[in-house]
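Some notes on the structure that comes next.
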Amino acid sequence: MTAGPRRSTSSPDPRANVRQLMNGDVKLAVFTVGRRYFYIALSRDTPAGVLVSWQSTLNQLKQDGTFERIYRAYLPDAELGDLLDRQ
Numbered sequence: 258m259t260a261g262p263r264r265s266t267s268s269p270d271p272r273a274n275v276r277q278l279m280n281g282d283v284k285l286a287v288f289t290v291g292r293r294y295f296y297i298a299l300s301r302d303t304p305a306g307v308l309v310s311w312q313s314t315l316n317q318l319k320q321d322g323t324f325e326r327i328y329r330a331y332l333p334d335a336e337l338g339d340l341l342d343r344q
């Protein structure tokens, strides 16, 4: 019996996630939004351009403050910490 691809991967570097997904090393790539158990997961069948677009959009939302405004609208007293890392 040969080992198949791992079921999922998560890395703070979205390029590593995309590379492993596209190489067939994993079936699911999980994009880490922060280090506090907040993730966005996309299927292996998701086109690479969509993955890159998601990460780019998330980075922009963090940079312009939109991410924090949306988050605080629902959890005003939450500790955002590294969720606000602006890449």
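Mind the numbering: the sequence shown is residues 258 to 344 in the working numbering, read in order. Just so you know, even glycine gets a beta-carbon here, dropped at the ideal spot from N, CA and C. Just so we're clear, the structure is a prediction, and the values are computed from it rather than from any experiment.
Spatial neighbours of M279 in its own chain (CB-CB distance under 7 Å, excluding positions within 5 residues in sequence) are listed in chain order as A305. Note that the C-beta distance between V275 and L308 is below 7 Å. Burial state of Q320 is exposed, judged by a 10 Å Cβ sphere holding fewer than 16 other Cβ atoms. If you ignore the 5 residues before and after S300, its C-beta comes within less than 8 Å of the C-beta of L285, all in its own chain and listed in chain order. Under the three-state reduction of DSSP output, T303 falls in the coil class, being neither helix nor strand.
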